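Read through the structure below, which is laid out as structure tokens, and then see the notes.
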Amino acid sequence: MTTGWTIPGMKHLTDDGLVVQATYIFQAQEGNFINRKVGDMTFTGSVDEPGYIPYEDLTQDDVLGWVFTRLGDEKAVIEANVTLATETQYSASLNNPYSNGVPWNN
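One point on numbering: in our numbering, the residue at position 87 of the sequence shown is 98, and numbering is uninterrupted.
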């Protein structure tokens with residue numbers, strides 16, 4: 012099974028680059044079975060705060076760090092739920108006695 016976190020999009024202020032919103036995805040895949048949790052997180056702050064990173068210098072890992080900090084224990088819950096759903100679907104497919112299709116398209 013492959014799993015991973017990504018940040019597919021963010022919203023930032025155009026005048027100073029301060030990130031105010033990020034969309035996060037946790038995805039798990041096994042074979043053709045894919046499940047994901049998508050969420051949005053808002054941020055507040057100031058460019059004057061210690062540790063501020065200019066928008067053009069941000070990496071996905073930086074923003075994931077913010078998301079993980081805010082999620083806290085919820086991060087592990089998301090990973091467990093999405094992974095379990097994917098494992099369950101995949102396992103069920105292995106024992107499925109049915110198949111779809113028609114014999115004349117082979």
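Note that CB positions come from ideal geometry on N, CA and C, so glycine has one too.
Because the structure is a prediction, the values reported are computed rather than measured.
Which residues does DSSP list as the beta-bridge partners of residue i?
i, result
"F44", "E41"
"K22", "Q32"
"G15", "Q38"
Please state whether DSSP places residue i in a helix, a strand or coil.
i, result
"I64", "coil"
"T94", "helix"
"G76", "helix"
Considering only the alpha carbon of each residue, which of the options lies closest to residue i?
i, options, result
"R47", "T53, T55, Q38 and F54", "Q38"
"E67", "E60, P108 and M21", "M21"
"I45", "M52, S110 and T99", "T99"
"T25", "T53, P65, T13 and N111", "P65"
Below 7 Å between beta carbons: does that hold for residue i and residue j?
i, j, result
"L95", "W16", "no"
"I36", "Q71", "no"
"M12", "A33", "no"
"Y101", "G42", "yes"
If you count every other CB in all the chains shown that lies within 10 Å of the CB of residue i, and 16 or more means buried, which is it?
i, result
"T80", "exposed"
"T97", "buried"
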